[in-house]
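S.K.: Pasting a structure here, questions to come.
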């Protein structure tokens, strides 16, 4: 079984060789299988292989990542990523990734109960690989809501858990003039000297997203306040806040430096402000009036 998933300007081509048929394709992701970008920047191939009874033994130099993942690079250059499972309290998924992040061979433990779940595999390995692929194009993966505005530009709303990404997304999603690209994870890519933002299939609690995008208009750092308000923020403070929300690869110093350079470039060229908003859809009108 072969299929293609699109995330912004990237093609994710899957070959499903696992004996168990893929299940649990959520309706929110359907558009990411049907909407092909006009000029894809890159193609990444994922081969879902037969389950295995055991994963590779991790060497002493393996790096433990905050997401309960671990990673190391083999002498030949290939990267091994293993994903921890809270269901079975063990590392249950392994991806062997080529050094250029163009392909990955993925296996689950044969004992894992979700080895046939398509969304589970895409969410774990797919987001990790694409967050590295995008660094080759002056971009990064960002924890952020993204909303496509009527003029074709994208509004970003970023913040830590509880800041209001999903709440803001819900208000804009209820207005037919706007299109919610993501309530959780956004791809930011520099194209033709301008930063573009795209929705991804790695959605948050709203279980909604759209494979579309546009040039970034403004980035808002979100906060819940009694009344709607916009505040200016110094560049140094904005840089620190964005740094908290970017997918950084701490296991690789060279890639980390590339991401930090892209982030610095982003802060220099994209307007940013603090948006405090109350829990009311009036925030949509408020932003229109203060654009």
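Residue numbers (our numbering): 330 to 620.
Quick reminder that beta carbons are idealized off the backbone N, C-alpha and C, glycines included.
Note that the structure is a prediction, hence the values are computed from the model and not measured.
#1: From the DSSP secondary-structure annotation, give me the bridge partner or partners of residue 470.
#2: Taking the alpha-carbon of residue 385 as reference, which of 469, 482, 437 and 373 has the nearest alpha-carbon?
#3: Taking the CB atoms as reference points, tell me whether residue 476 and residue 336 lie closer together than 7 Å.
#4: Once DSSP output is grouped into helix, strand and coil, what is the label at residue 434?
#5: What are the complete beta strand (DSSP E) segments, minimum 3 residues, inside the segment 384 to 415?
#6: Just list the beta strand (DSSP E) runs in the segment 579 to 611, keeping only unbroken ones of 3 residues or longer that don't cross its boundaries, in chain order.
#7: Go to residue 572, then tell me how far its alpha helix (DSSP H) extends in each direction, as first and last residue.
#8: For residue 332, count the other beta carbons within 10 Å of its own beta carbon; 16 or more makes it buried, fewer makes it exposed. Which is it?
#9: Would you identify the three-state DSSP class for residue 339, choosing helix, strand or coil?
#10: Which term fits residue 618, buried or exposed, when burial requires 16 or more other beta carbons within 10 angstroms of its beta carbon?
#11: Less than 7 Å between the C-beta atoms of residue 469 and residue 517, yes or no?
#12: Looking only at its chain, what residues have a beta carbon closer than 6 Å to the beta carbon of residue 502, apart from the 5 residues adjacent to it on each side?
#13: What are the start and end residues of the beta strand (DSSP E) that includes residue 421?
#14: So what's residue 531 in DSSP terms, helix, strand or just coil?
#15: Quick one: Cα of residue 368 to Cα of residue 528, how far?
#16: DSSP three-state call for residue 502: helix, strand or coil?
#17: Rounding to the nearest angstrom, what Cα-Cα distance links residue 600 and residue 525 in this structure?
#18: Hey, residue 551 and residue 492: beta-carbon distance below 7 Å or not?
#19: Kindly provide the ranges of any beta strand (DSSP E) runs that are 3 or more residues long and lie completely inside the segment 533 to 564, ordered along the chain.
#20: Would you grab the beta carbon distance between residue 664 and residue 606 for me? Rounded to a whole angstrom, and I think it's under 8 Å.
#21: Output the boundary residues of the alpha helix (DSSP H) element that contains residue 460.
#22: Could you give the DSSP three-state label for residue 381: helix, strand or coil?
#23: Verify whether the separation of the beta carbon atoms of residue 473 and residue 515 is less than 7 Å.
#24: Do you know how far the Cα of residue 463 is from the Cα of residue 338?
#25: Quick check: what's the CA-CA separation for residue 495 versus residue 609?
M.R.: Result, derived from the coordinates:
#1: 516
#2: 437
#3: no
#4: strand
#5: 392 to 394, 398 to 402 and 408 to 414
#6: 601 to 606
#7: Its alpha helix (DSSP H) spans residues 564 to 574.
#8: By the 10 Å Cβ count, residue 332 comes out exposed.
#9: strand
#10: exposed
#11: yes
#12: 509
#13: 419 to 426
#14: coil
#15: The straight-line gap from Cα to Cα measures roughly 16 Å.
#16: Helix, per DSSP.
#17: 13 Å
#18: Yes. Within cutoff.
#19: 542 to 553 and 558 to 560
#20: This structure leaves residue 664 out entirely; the chain is present only between 330 and 620.
#21: 456 to 462
#22: strand
#23: yes
#24: Straight-line spacing of the CA atoms in residue 338 and residue 463 works out to 10 Å.
#25: Near 13 Å, if we compare the C-alpha coordinates of residue 609 and residue 495.
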